[in-house]
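Undergrad: Under this note's numbering, the first residue of the sequence shown carries the number 87, and numbering increases by one thereafter.
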Amino acid sequence: MIELKKFTEVSREQVMQAWNVSFADYVVEMMLTEEAFFARMDEFLLDPNLSCLALFEGQPVGFSLFAREGNYSWCGGIGVAPEFRGKKVADLLMNDMLQKAAGTQFKLEVITANGRAIHFYQKHQFDIINELYFLDGPLGKASEIVIEQPETEAENDLLTPWQNQPRFKKEETVSRFILEEGKGSFHLRYALSDRGIEVSKFELREGTILQDALAGLGFAFGAEKKLFLNNCALDKPLADAFLEAGFLKWISQWQMVRNV
C-alpha cells in the first residue's frame with residue numbers, strides 16, 4: 087500500500103531519492119544536489135509541511151512539491167518512479183495537493199513535449215492558459231534610441247508563471263522602454279548578469295516591431311550583450327518573431343491552472 091508522508095516526517099535523503107528516481111528518465115535533465123534542491127524549495131516558498139513523499143514498503147516512489155499563499159497555490163513538481171507509474175500514485179499525490187489547494191487558483195507548469203503529463207493534468211481539470219519560453223539570442227545593432235522609464239507591476243497576474251512572480255524576482259528591474267520617432271515601446275522585467283540580460287517578462291506594445299526593440303536594448307546595454315528569456319509568457323507571433331531574429335529555443339512549457 088502507498089503511504090503519503092510530509093517532508094517534515096522523512097529524511098532529506100529519502101526526499102532526494104524520490105526526486106532522482108522519479109526524474110531519471112525525464113525529457114530534460116533534472117538531477118539536483120541536495121543543497122540545490124532545498125535551496126529551490128526555500129526560494130519558491132515550497133512548504134515542507136505541505137509537500138509529500140509517496141512510500142511503498144518504506145521506499146520512496148514519488149513526491150509532490152506544494153505551496154500556498156492566500157488565494158494562490160502552486161505545484162513545484164510532481165514525480166513518480168517509472169515502475170510505479172500507472173498505479174495511481176500520481177493521482178494520490180495530486181488529490182492530496184488539490185485538498186490543500188481548496189479555495190485557491192492552483193497553478194503549475196509542464197514541458198510541452200511531455201504528452202503523458204499534460205494528459206494527466208487535464209484529467210485533473212487543469213486548463214492551459216499560455217506557453218512559456220526559454221530563448222536566448224543576440225540584440226543586433228544598437229541603432230534605436232530608447233528612454234527607460236520605471237514601471238510597477240501587479241503581483242499574482244494570472245498570465246505570469248508562478249516562478250516569475252515579482253515576489254521571487256526582487257532583484258529585477260521593471261521598466262518601459264520607449265523608442266524614439268514614435269516607433270512604440272515595450273515592457274521588460276529584467277536583471278543584468280555576467281552572461282547578459284536576464285528577462286522574466288517581455289511585452290511589446292501593439293504596433294512595435296521586435297527588431298526595433300532589440301536594437302533599442304542594444305543602444306541601452308550594448309549590442310554585444312545577449313538576451314535570455316527565462317520562462318517568459320509569449321504569444322506565438324512574438325515567439326516566432328524571436329526565432330526569426332536568430333534566437334535559439336531551448337524549451338517551452340504550458341502554464342496550466344485550475345480554480346479549486
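The beta-carbon is built from N, C-alpha and C at its ideal position, and this holds for glycine as well.
Using only the alpha-carbon positions, how far apart do PHE314 and ARG98 sit?
TA: Between PHE314 and ARG98, the C-alpha separation is close to 33 Å.
Undergrad: In the DSSP output, which residue or residues are listed as bridge partners for GLU89?
TA: Note: GLU89 sits in a beta bridge opposite LEU141.
Undergrad: Take ALA228 as the anchor and find which of ASP298, VAL101, GLY144, CYS138 has the nearest alpha-carbon.
TA: Among ASP298, VAL101, GLY144, CYS138, the Cα nearest to that of ALA228 is on ASP298.
Undergrad: Does the beta-carbon distance from LEU194 to MET342 come in below 8 Å?
TA: It is a contact, given that the beta carbons lie within the stated cut-off.
Undergrad: Using 10 angstroms around the beta-carbon of GLN211, count the other beta-carbons present and answer buried if the total reaches 16, otherwise exposed.
TA: The residue in question, GLN211, is exposed, as its Cβ has fewer than 16 Cβ neighbours within 10 Å.
Undergrad: So, helix, strand or coil for GLU230, using DSSP?
TA: Three-state result, GLU230: coil.
Undergrad: Taking buried to mean at least 16 other C-beta atoms within 10 Å of its own C-beta, is PRO323 buried or exposed?
TA: Counting Cβ neighbours within 10 Å, PRO323 comes out exposed, since fewer than 16 surround it.
Undergrad: Taking the straight line between their C-alpha atoms, what separation do you get for GLU230 and ALA240?
TA: When rounded, the distance between both Cα atoms is 29 Å.
Undergrad: So, for LEU218: in the same chain, excluding its five sequence neighbours on each side, which residues have a beta-carbon less than 7 Å away from its beta-carbon?
TA: Here the set comprises GLU195, PRO247, ASN317, CYS318, ALA319, SER338, GLN339, GLN341.
Undergrad: Within 10 Å of its beta-carbon, does TYR112 have 16 or more other beta-carbons around it, so buried, or fewer, so exposed?
TA: When all chains shown are included, TYR112 counts as exposed.
Undergrad: CB ASN157 to CB GLN191, shorter than 8 Å?
TA: Going by C-beta atoms, ASN157 is nearer than 8 Å to GLN191.
Undergrad: Measure how close the beta-carbons of PRO168 and GLN103 come, nearest whole angstrom, since I'm counting them as under 8 Å.
TA: Incorrect: roughly 14 Å between the Cβ atoms, too far for contact.
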